[in-house]
Every structure is written in C-alpha cells, then in structure tokens.
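Visitor:
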Amino acid sequence: MAELFTLAVLTLLLAATVAIVLPWPGLTRVLAVLGGIALIIACAGALVGAEHLRLAGVSATHFALDGAGLWLSLFGAIPATLALALGSPAARLRVWYVGAIAAILGALGVMGVHGGVAFLIAWELMSLGGALMLLSERLGISDDGGHATLLMLGLLEVGAVALLAGWLTFALLGGGMAMDGFAAGLIALPGAAVIGLGLLMLIGFGAKLGLLPFYEWFAGAYASGSGASASLLSGIVLNAAWFALARALLVWLPPEEMLGIITVAVAAFSAILAVLYALQTDDWRQLLGLSSAENAAIATLLLGAALIFRSAGLGDLSMLAWIVGLLHLAGHSLSKGALLLGADGAYRARGTYRLQQSGLLRASLWTYGVGIVFAGMSLAGMPPQAGFVSEWFAFQTLFQNFQVPDLAGRLTLSLGGVGLALTAALAYATFVKIIGLGTQGAPAAHTGPVPRGHALAVGLLGALVLALAVGMPWWLYALDPVAQHWFAQSSMQLRSGLLLVPLSAHFAFISPTLLVIVMPLLALLPIALALWSRRRHGVRRAPVWFGGNPPSPRAATTALTFSHAVQVFYSFIYRPRLDMEHEHVEREYFVRRLSFEQRIAPLFESRLFRPLTRMVWWLSDRIVVLQSGDMNLYLALIGILLIIVLGVGVI
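Encoded structure:
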C-alpha cells in the first residue's frame, strides 16, 4: 500500500499546484478527489493488513502511519474526500482547495512523521490550511474583517509556543529531535516535571482540540466558513491533534496519576461548557463547531482515564479507554461530516446557515433526511448508532473506577462520569434542536431542494455511521494490532461473539448488531396499532394538550415572551443580556416598532482574553519608545548592553 499512499500524496500535491498555477478549478477538483479516494483505499488496506503505512522511498524511521494513525486518517479522509468533491460555496475556490489540501497533508504529517522539526512544520501547515480555507470563504454572519480567523490563529499560536517549549525540553532530555527517542529520555523524570510537560502538551494540542479556554474560537471561526471547511477541521484535523496528544501523554511521558486527574477535569469542564454554548446558537456551523469541541473533550476525558489506569498498573483498562477514544472519534468524524455537508446543502437550498424551520426534509431527496437523522442520532448518543456505542463504552470504562487503588483516582473517574452524563443529556437536546428546527417544519416560499450531490453525500455518511455501529464486533479485529502495539493487550477483550463488553460480559454488554434486527421487529406492534386505530377511528385533530384542562388565554405567548429553563438555570455561565429598543411616532405613546435582542456572553473572552489583550497593548505603548529613531537612545542602549555583558563575563 506504500505505492498507493505515495500516489495519493503526490496527486493531492499536484491538485494544489494546479489550483495555484492554472485557473481550472474543475481539474483541481478531479485531482483532489482522486487523491482522497487513493488515500482512503491505502489507509483501509494497510489497516486490514496490519501494516504501517509509509511513503515509497522514505525510511520508516522518518515517516510511518501506525494502526491508530491509519484508523483516524481513514475515518477523517472519508468526509474530507466528499467535501473536496462537493467543494465550497466560496468565490475563491482555488484558494480554498489549496487550504484544504494543506490541512489534509499537514494532518497526515502530524500522525506520521518521526522527526520533531518535521512534526512542528506539519502542525503549522495544518493550521495554515485551515486559515486559508476560512479566509477564502468569508461566509460569516457579519463581516468582521477576518477577526474570527485571526482569533483562531492567535490562540493556535499560543498552543504552538507551548508545543515548542515542550519539544525543546523533549529534545534536550531525549538527546535530539528524533521523536522515537523521547520516551527513553523521559523515563526517569520526576512527577512534578511530568505534570509540567503534560500541561504544556494539553495547552499545545488542546488549542486545536478546543479544550478550555480555547473552545471559544470554534464558534466564530466555523461560522466564517462553509460546512465543507468545517468537515475537515472537525474530522481529519481534529483526529490528528488528538492522536498527537495521546502519543505525548501515553507513549513519551512516564505514568503519573495527577496528570490523568488534571486531564479528566479539564476535559469534563470543556465538554460541558462547549455543549452548553452549542445549545444556545442558531447557526448550523456554530452549533456543530462547538459540538466538535465537546466531542474532542470526551475523547480527551477517555485519554485522562487511560492515564489514571496506566499509573495504577491496569493495562487492560488503559487499553479499553484508548480504544473507546478511537471508536468515538471515528463515529464523530462520519456523523459530523454528514451534518456539516448537510449544512452546506441547506445553505444552497435556502441561502442561509441559520437554523429555521423550512421543510428541508420534505423538499429534498430522501437520502438527505436519512443521513441527517442517522448522524444526529449518533451525536445525540441514541441506539443503535456509533455514538451510542462509544458513549456506552465510555460510561462502562469510567464505571471501572472501583479497580483503581487510589481514592483520588476513583473519585476523579466518578466525577468524570457525572460530567459525561450531563454532557450527553445536553447533547441530546442540542441535536433534537438541529434536526427539528433546521430540517423540518412548513416549507418556506424561498426554500428549494438540497442539491442532489449533497443529499447523496449526507446519505452515504449516515449509512457509514450505522455500518460502523453494526459492524463493531468486526471493526475490533482491525484495532487488535493497535492495542497490541500501544499496550500489549488485545482488543478482542471488548467483544464476545456479537456482544460488545467492557473486558467482561459479566460486567455489562450490548449488541448494536442485534439491535438493528430487534428494534424494527419491536416497532411492528406500535405501527400495526397505529394503522388499525387510524382505519377504525380515522384522524382526529385536537388542540395542543394543556395539562388536561381547557386552554387559558392567560397562558398565551407573544413574540416578546419566552421561557428558557436552561439559560435561566445556567445564567451564571451564560450571563444573558437582554436589549429592547422602541421606535416611536412623534410621541412616546405611539410605538411604531419594538425590537428585542437576547445575547449570551462568552465565558473567557471578557475574563481572560480581553485583559490579556489590554496588557499587551499597554506593554506595546511603553516599549514603542525603543523604535523612536533617536540615535542617542540607540547608542545608550548599546552601551548598557555592553556593560551588562562585561558584568556577566566578570562574574
């Protein structure tokens, strides 16, 4: 498969070159799609064959995708290839293709290169590709002059600085920038140093994953681009960042329970905050972007659980948490890709990404509705979809906390389960909102059908989500070499025939394969009763149920009244702001128009980012005198510097 993988990379590079040199977006699209298809086949073939994937003519010591990298690349490449095929509604399509290909190649580099310098270059290439995609589109809710993208780049560079500091420390202790030597150089590191380096990794990779406080760039950046761009950022790019974090924490750093506790705590709070803000947004891209941060946090929570189990010497449970993280990200990549490409379909049909009832399901090809519902069910954790399987596994992993000998570890895993339960409940409400409000309702006058290509792509991804869940007992065969390579354990411990088990069938079990057969059979009885009742009694239309009482006029609502229990209950997080403006005719007694606006405040923007920005501006105002152009000042500074150097030399 090395030759096919090399061909895929070269084809993608050729597509990017054509996009830069020639004004032929059609040729660029064809080459990019061919490269994506070759990448999918190469990753799938290497995964089934249990081999590491490398570039032809390049030593495996410089580049090789192991089983985990192949798994994440495969499920990230599927929606990415469909996004390349459908393209973006951007006017500067050639620039978009260059950015998309750069992001894909950067992600492959992050998961495959073995040199520290090459890794940092691939990491920055991935960020640059994402920025190019978003800046080429400018599809934001309001024209902010690229502020959202610049905020994204600024926060990502904060992470890059943390990564650089960590990499230099790794290189110093490991005897060079070859990443294969990092683990040997860090094996005798004291606990405090392990925690410090782990925090640098959490900051560096967490900036891309959306761990707090970095999740706040997701809503604005995603809303400035298309669903096609977001499907790459939420798929292969996010997968690469999680893989890199896992490699740093699980492979290079020695076991340290406190680092696992910190990781679980940060991930749990990140997931809760991200899904809370996702529930309040009214834009497809903002909601799905924050949901991506939530799912990345869930996968990171499992990574923290793996660290706690590893420090306790429970290798099988550490493997369980790691494998569940891989399963979760695979299902997330497919589901989120379906919904984001579905958002592009909604935009092309209605001209807006705003969530509003417009009867899209009724007006579009049936595959669009099937794909949207399957993907939404998965992200809401509903059976029998892939998201339900991975979240069930996540809960069962955390429920194994009684095997951890240390009280702090047991308590952390218990509280992590509480955070995961709250996140799952809020995610359920979030995706009920996006499916019910974004795709159903009465058709609007300006609503057309979703383009056929988008409907077919969404349907295909939705079918793959179900196939991932139903075929989970067989997918675990492909992950067995991964478990052997990372933990010297077997992923076959997670299955018993058609049952999925958390290491033991005596603890718990489910079977999505059997659920797919049983659930339609169980549905036959209520369907038969409904048909019989309709035939016997006909259709009766009645007012909305009002607690068994006649509707009261006092309970009527207007456009200016609302009830929002979640926002009221979590007002200490949302800090909602209500603005009301009156427009009068001559006197204040005659109101022509009354406008009502409700906003919620970002948690970290006002309390962290703005104070830091003001501090930077204050420092720049003080330091600007160094650029005054005064020769006497420059000579004085040189003299002071020479005196300091001489003083240090004497000492």
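If you read the sequence shown in this note's numbering, its first letter stands for residue 5, the second for the next number, and so on.
No residue lacks a Cβ here, since even glycine has one placed at the ideal position from N, Cα and C.
Using 10 angstroms around the beta-carbon of Leu646, count the other beta-carbons present and answer buried if the total reaches 16, otherwise exposed.
Guide: Locating residue 646 in the sequence shown gives position 642, where the first residue counts as 1. It is exposed - the Cβ of Leu646 has fewer than 16 other Cβ atoms within 10 Å.
Visitor: Quick one, which of Thr153, Ala192, Gly423 and Val198 has its alpha-carbon nearest Gly229's?
Guide: As a first step, residue 229 is located in the sequence shown; it is residue number 225 there, counting from the start. Measuring from the Cα of Gly229, the nearest candidate turns out to be Thr153.
Visitor: Go through the segment 70 to 120 residue by residue and report every complete run of the alpha helix (DSSP H) that reaches 4 residues or more, in order.
Guide: 71 to 90 and 97 to 116
Visitor: Are the beta-carbon atoms belonging to Ile312 and Leu417 less than 8 Å from one another?
Guide: Walking along the sequence shown from the start, residue 312 turns up at place 308. Walking along the sequence shown from the start, residue 417 turns up at place 413. Yes; because the gap between Cβ atoms is below 8 Å, this pair is in contact.
Visitor: Could you tell me the alpha carbon to alpha carbon distance between Ala20 and Ala36, rounded to whole angstroms?
Guide: On the sequence shown, residue 20 is found 16 positions in, with the first residue counted as 1. On the sequence shown, residue 36 is found 32 positions in, with the first residue counted as 1. Going by the C-alpha atoms only, they are around 8 Å apart.
Visitor: Just tell me which of Leu460, Trp478 and Leu598 has its CA closest to the CA of Met496.
Guide: Here residue 496 refers to the residue found at position 492 when the sequence shown is read from its first residue. Taking the Cα of Met496 as reference, the smallest distance to any Cα among Leu460, Trp478 and Leu598 is reached at Trp478.
Visitor: For Leu402, count neighbouring C-beta atoms within 10 Å of its own C-beta (all shown protein chains included) and say buried if the count is 16 or more, exposed if not.
Guide: As a first step, residue 402 must be located in the sequence shown, where it is residue number 398. Flag for Leu402 reads buried.
Visitor: State whether the segment 226 to 240 contacts the segment 134 to 142, with contact taken as three or more CB pairs (one from each stretch) at a distance under 8 Å.
Guide: yes
Visitor: If we ignore side chains and look at the alpha-carbon of each, how far apart do Ser368 and Ile376 end up?
Guide: Taking the sequence shown and counting its residues from 1, the one referred to as residue 368 is at position 364. Taking the sequence shown and counting its residues from 1, the one referred to as residue 376 is at position 372. Taking the straight line from one Cα to the other gives about 12 Å.
Visitor: Would you call the segment 92 to 112 in contact with the segment 22 to 42, where contact means no fewer than 3 C-beta pairs closer than 8 Å?
Guide: yes
Visitor: I'd like the list of long-range same chain contacts for Gly413, defined as Cβ closer than 8 Å, with 5 residues on each side in sequence excluded.
Guide: Here residue 413 refers to the residue found at position 409 when the sequence shown is read from its first residue. Glu261, Gly264, Ile265, Ile312, Ser315, Ala316 and Asn405, listed in sequence order.
Visitor: Measuring CA to CA, which of Val620, Ala431 and Leu504 is closest to His281?
Guide: Position 277 of the sequence shown, counted from the first residue, corresponds to residue 281. Per the sequence presented here, residue 281 reads as Tyr, with His not at that position. Each of Val620, Ala431 and Leu504 was checked against the Cα of Tyr281, and the nearest Cα belongs to Ala431.
Visitor: Look at the alpha carbon of Val628 and the alpha carbon of Asp634, and state the distance between them as a whole number of angstroms.
Guide: Residue mapping note: residue 628 aligns to position 624 of the sequence shown, counting from 1. Residue mapping note: residue 634 aligns to position 630 of the sequence shown, counting from 1. The straight-line gap from Cα to Cα measures roughly 12 Å.
Visitor: So for Trp504, helix, strand or coil by DSSP?
Guide: Translated into the one-based positions of the sequence shown, residue 504 becomes position 500. Reading the sequence as shown, one finds Leu at residue 504 and not Trp. In the three-state reduction of the DSSP assignment, Leu504 falls in the strand class.
Visitor: For Gly40, which residues of its own chain have a beta-carbon under 7 Å away from its beta-carbon, when the five flanking residues on both sides are left out?
Guide: The count along the sequence shown starts at 1 and reaches residue 40 at position 36. Only Ala81, Ala84, Thr85 and Leu88 meet the Cβ criterion.
Visitor: For the candidate residues Gly445, Ala169, Ala244 and Ala60, whose alpha-carbon lies nearest to that of Leu364?
Guide: Taking the first residue of the sequence shown as 1, we reach residue 364 at position 360. Among Gly445, Ala169, Ala244 and Ala60, the Cα nearest to that of Leu364 is on Gly445.
Visitor: Taking C-alpha atoms, which residue in Phe397, Ala379 and Gly308 lies nearest to Ile389?
Guide: Locating residue 389 in the sequence shown gives position 385, where the first residue counts as 1. A small fix is needed here, since residue 389 is Gln in this sequence, not Ile. Sorting Phe397, Ala379 and Gly308 by C-alpha distance to the C-alpha of Gln389 places Ala379 at the top.
Visitor: Quick check on Leu504: buried or exposed, where buried means 16 or more other Cβ atoms within 10 Å of its Cβ?
Guide: Residue numbering aside, residue 504 sits at position 500 when the sequence shown is read from its first letter. Leu504 comes out buried.
Visitor: If we ignore side chains and look at the alpha-carbon of each, how far apart do Ser339 and Gly542 end up?
Guide: Indexing the sequence shown from 1 puts residue 339 at position 335. Indexing the sequence shown from 1 puts residue 542 at position 538. Their Cα atoms are separated by approximately 39 Å.
Visitor: Would you tell me roughly how many angstroms separate the C-alpha atoms of Gly53 and Ala244, rounded to the nearest one?
Guide: For the purposes of this step, residue 53 is taken as residue 49 along the sequence shown, with counting starting at 1. For the purposes of this step, residue 244 is taken as residue 240 along the sequence shown, with counting starting at 1. Taking the straight line joining both Cα atoms gives about 22 Å.
Visitor: Going straight from the alpha carbon of Ser599 to that of Gly319, what length do you get?
Guide: Here residue 599 corresponds to residue number 595 of the sequence shown, with the count starting at 1. Here residue 319 corresponds to residue number 315 of the sequence shown, with the count starting at 1. C-alpha separation (whole angstroms): 60 Å.
Visitor: Let me know the secondary structure DSSP gives Arg544 once reduced to three states.
Guide: Counting from 1 along the sequence shown, the entry for residue 544 is found at position 540. DSSP places Arg544 in coil when its eight states are reduced to three.
Visitor: Should Arg596 go down as buried or exposed, given a rule of 16 or more other Cβ atoms within 10 Å for buried?
Guide: Taking the sequence shown and counting its residues from 1, one reaches residue 596 at position 592. Per the 10 Å Cβ criterion, exposed.
Visitor: Considering only residues of the same chain and omitting the five flanking positions on each side of Leu190, which have a CB-CB separation below 8 Å?
Guide: The sequence position of residue 190 within the sequence shown is 186, counting from 1. Taken in chain order, the residues that qualify are Phe174, Leu177, Gly178, Val198, Leu201, Trp256, Leu257 and Pro258.
Visitor: Please state the DSSP three-state secondary structure of Met386.
Guide: Taking the first residue of the sequence shown as position 1, residue 386 is located at position 382. Met386 falls in the coil class under three-state DSSP.
Visitor: Would you list, in sequence order, the uninterrupted alpha helix (DSSP H) runs of no fewer than 4 residues that lie entirely inside the segment 164 to 247?
Guide: Within the segment 164 to 247, the runs of alpha helix (DSSP H) at least 4 residues long that lie entirely inside it are, in chain order, 186 to 190, 195 to 213, 220 to 227 and 231 to 236.
Visitor: Confirm, please, whether the CB-CB distance from Trp288 to Gly675 is below 8 Å.
Guide: Residue 675 lies beyond the range of the chain shown here (5 to 655); nothing can be said about it.
Visitor: For Ile514, does the three-state DSSP call read helix, strand or coil?
Guide: For the purposes of this step, residue 514 is taken as residue 510 along the sequence shown, with counting starting at 1. Strand.
Visitor: Under the three-state reduction of DSSP, which class applies to Leu586: helix, strand or coil?
Guide: What you label residue 586 is simply residue 582 of the sequence shown in a count that begins at 1. For the record, residue 586 in the displayed sequence is His; it is not Leu. Secondary structure of His586 (DSSP, three-state): strand.
Visitor: Between Ala182, Phe222, Glu220 and Leu168, which lies nearest to Leu203 when the distance is taken from Cα to Cα?
Guide: As a position in the sequence shown, residue 203 is number 199, starting the count at 1. That would be Leu168, whose Cα lies nearest to the Cα of Leu203.
Visitor: Return the residue from the list Gly373, Ala106 and Leu465 that minimises the CA-CA distance to Leu18.
Guide: Here residue 18 refers to the residue found at position 14 when the sequence shown is read from its first residue. When only C-alpha atoms are compared, the closest one is Ala106.
Visitor: Identify the residues that DSSP records as bridge partners of Phe403: which are they?
Guide: Within the sequence shown, the letter at position 399 stands for residue 403. Phe403 is not bridged to any residue.
Visitor: In chain order, what residues of the same chain have a beta carbon less than 7 Å from the beta carbon of Ala303, not counting five sequence neighbours either side?
Guide: The residue you call residue 303 lines up with position 299 of the sequence shown. Result list for Ala303: Trp246, Gly329, His332 and Leu333, in chain order.
Visitor: Asp320 by DSSP, collapsed to three states: which one?
Guide: Along the sequence shown, read from residue 1 onward, the residue named residue 320 stands at position 316. Residue state, collapsed to three classes: helix.
Visitor: Taking Cβ to Cβ, would you say Ser362 is nearer than 8 Å to Ser296?
Guide: On the sequence shown, residue 362 is found 358 positions in, with the first residue counted as 1. On the sequence shown, residue 296 is found 292 positions in, with the first residue counted as 1. Taking the C-beta atoms as reference points, Ser296 is found no nearer than 8 Å to Ser362.
Visitor: So who's on the other strand from Val595, going by DSSP bridges?
Guide: Here residue 595 is taken as the residue at index 591 of the sequence shown, counted from 1. Beta-bridge analysis with DSSP links Val595 to His588.
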